[in-house]
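For reference, the structure discussed in these notes is given below.
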Amino acid sequence: MIDNENLRLNVVKGLKKFLQIPVIRGNQNAEPPKYPYLSYNVTTVTGENNGTYGEYSDGVDRKPVTQTWSITVQSDDESEALRLASKAHDWLDHIGRAYLSDNHIIVQSVTSVTSRDSILTIEYEYKKGFDIVFWLYDEIENPIEYVGEIKTAEITKK
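Position in the sequence shown (first residue = 1) + 885 = this note's numbering.
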């Protein structure tokens, strides 16, 4: 199982501290905070990472996977949205890497910051964002029961 809670808590905590704005999960029924704020959506929970499960001596089998998040800064000011999205991008791509690594989070790649603007009836909501891919392990307890080892065996032709 992927430790989604560790990933979510540490990424959100780090971004909030660095950006000094609210960081919320997107696509919720709750009223959003006042501008500016950052929202994130997990767009791919478990993506293939060209690997298979490996057996480890601690009894846990691990398979490398990826998880993709969409990061978007919303504001009523275009310059502010772009500045904060670029700042979030820099933190995830470089500045925050030591913090994330200390919390067992590996950033595999970060895409370019792009415009995701939309019009709300008569006014614009400026949205600037990017995607980030995290490299993770899917961990499962090894289902094979260890019962001992064969010390010697006699092989005969029959």
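Cβ coordinates follow ideal geometry from the N, Cα and C atoms, glycine included.
In the DSSP assignment, Gly1014 falls outside any alpha helix (DSSP H) and within the unbroken beta strand (DSSP E) covering 1008-1026. Burial is judged here by how many other beta carbons sit within 10 angstroms of a residue's own beta carbon; Leu894 has fewer than 16 and is exposed. In the three-state scheme derived from DSSP, where H, G and I count as helix and E and B as strand, Tyr984 is classed as helix.
Taking the C-beta atoms as reference points, Phe1019 is found no nearer than 8 Å to Ile980. In this structure, the straight-line span from the alpha carbon of Thr951 to that of Leu1021 is close to 6 Å. When the beta-carbon positions are compared, Trp954 and Tyr922 stay at least 8 Å from each other. Excluding residues up to 5 positions away in sequence, nothing lies with its Cβ nearer than 8 Å to the Cβ of Ala983 in the same chain. Taken in chain order, the complete beta strand (DSSP E) segments of 3 or more residues contained in the segment 931-994 are 945-960. A direct Cα-Cα distance of roughly 16 Å separates Gly939 from Glu1030. For Arg910, the enclosing beta strand (DSSP E) covers residues 908-910. Beta-bridge pairing by DSSP links Tyr922 to Gln959.
Going by DSSP, Lys1043 is part of no alpha helix (DSSP H) at all; its letter is neither H nor E. The DSSP-derived three-state label of Val927 is strand. By the neighbour-count definition (other C-beta atoms within 10 Å, threshold 16), Ile906 is a buried residue. Distances from the alpha-carbon of Ser997 to those of Ser986, Gly1014, Glu1008 put Gly1014 closest.
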